[in-house]
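Note sheet for the following structure.
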Amino acid sequence: MIEKQIGKRVKRLRTNNGLEFYSNEFNNFYKAKGIRRYLTVRHTLQQNGVTERMNKNLMENVMCMLSNSGLSKIFLTEAASIAYFIINRPSLIAVEKRL
């Protein structure tokens, strides 16, 4: 998705060492795409603090959007997608200008 938005390929991806990201399918995908994978230690808040705060911020935005619009939680996925786009839009613009 990000590759299509800014026209550049993903070179590095940082994930936790959780089991959901640990499979032959993921490993083959990373190798095929030439993506370098960086792992953090599972359940180590010191390494995951920034990510945890970003996730909390995203969910706070989602819940505010749903509350203010009067929509039910059935629209959680759509609201999360929109909130994610809004949060990342300034970053995407900055990356596009640097390139």
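Going by this note's numbering, the sequence shown wraps up at 174, each residue one higher than the last. Where is the CB? At the ideal position from N, CA and C, for every residue including glycine. These numbers come from a predicted model, not from an experiment.
heavy atom of the ligand FAD below 7 Å from residue i C-beta
i, result
"Tyr-105", "You won't find the ligand FAD in this model; it holds no ligand whatsoever."
For residue i, the residue or residues it bridges with in DSSP
i, result
"Asn-91", "Thr-115"
Secondary structure of residue i, DSSP reduced to three states
i, result
"Gly-145", "coil"
"Tyr-105", "helix"
"Val-137", "helix"
"Gly-124", "helix"
"Tyr-97", "coil"
Cα-Cα separation, residue i to residue j
i, j, result
"Arg-128", "Glu-135", "10 Å"
"Gln-121", "Glu-95", "20 Å"
"Gly-145", "Leu-114", "39 Å"
"Phe-101", "Thr-90", "12 Å"
"Arg-112", "Asn-99", "13 Å"
"Val-85", "Ala-158", "22 Å"
"Leu-88", "Asn-103", "14 Å"
Beta-carbon proximity of residue i to residue j, cut-off 8 Å
i, j, result
"Asn-92", "Val-116", "yes"
"Leu-133", "Ile-162", "yes"
Three or more C-beta pairs under 8 Å: does that hold for the segment 150-158 against the segment 131-142? Segments in contact, yes.
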